[in-house]
Amino acid sequence: MLGGYGLVDDKFKNQEWVSPSLNTFADGALYLNIYEIVKWETGLNIKKILKDKASFDPMWSPDETVSGMHVVKHGGTWQGFESYIIRVLDVKVTVVIFANADVADVEEIASNVLEMFDSQLALKSDENE
């Protein structure tokens with residue numbers, strides 16, 4: 000398993016030790032891989048997971064629109080790992096970025112990947128267009 004890294008004095012160092020008691024919940028200690036995320040996304044898209052609208056609505060807010068399309072995003076960092084997910088719900092496109100360095104700009108990377116996929120999906124909110 001990979002370790003998380005942080006930048007200390009312009010050098011990458013393993014992240015400081017954290018008590019295992021803090022790694023017992025998925026809010027910061029959920030280890031998964033891209034294959035598991037693909038299964039999760041597939042389950043969401045075919046309504047195999049959380050089948051009714053009442054289950055989805057709280058999960059998809061707050062939201063924003065990009066080029067008139069409904070977008071939800073979420074990111075996090077813990078122990079030298081960063082992650083970011085962007086879902087463009089109207090076209091069922093999802094971009095997921097995992098990094099094992101807490102200085103990676105995973106939001107920017109995800110935004111660039113989304114824009115490479117479709118230039119109409121550049122992440123600038125409709126208010127700024």
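With numbering that gives the first Met the number 0, letter number 102 in the sequence shown gets 101, and the count goes up by one each step, no holes.
Cβ atoms here follow ideal geometry from the backbone N, Cα and C, with glycine treated the same way.
Nearer than 6 Å: is that true of the beta carbon of residue i relative to any heavy atom of the ligand FAD?
i, result
"N44", "This structure lacks the ligand FAD, and indeed carries no ligand of any kind."
Output the distance between the C-alpha atoms of residue i and residue j, rounded to the nearest integer angstrom.
i, j, result
"V87", "L29", "24 Å"
"D51", "D9", "48 Å"
"K12", "Q78", "11 Å"
"F116", "A109", "11 Å"
"M68", "W16", "42 Å"
Please tell me whether residue i and residue j are closer than 7 Å, where the distance is taken between their beta carbons.
i, j, result
"E114", "A103", "no"
"E35", "T93", "no"
Run the CB neighbour count on residue i, radius 10 Å, all protein chains shown included, and call it buried at 16 or more, exposed below.
i, result
"V7", "exposed"
"F80", "buried"
Can you tell me where the beta strand (DSSP E) holding residue i begins and where it ends?
i, result
"V87", "80 to 87"
In this structure, what does DSSP give as the bridge partners for residue i?
i, result
"M68", "V65"
"G75", "S82"
"F116", "Answer by DSSP bridge pairing: none, since F116 is not bridged."
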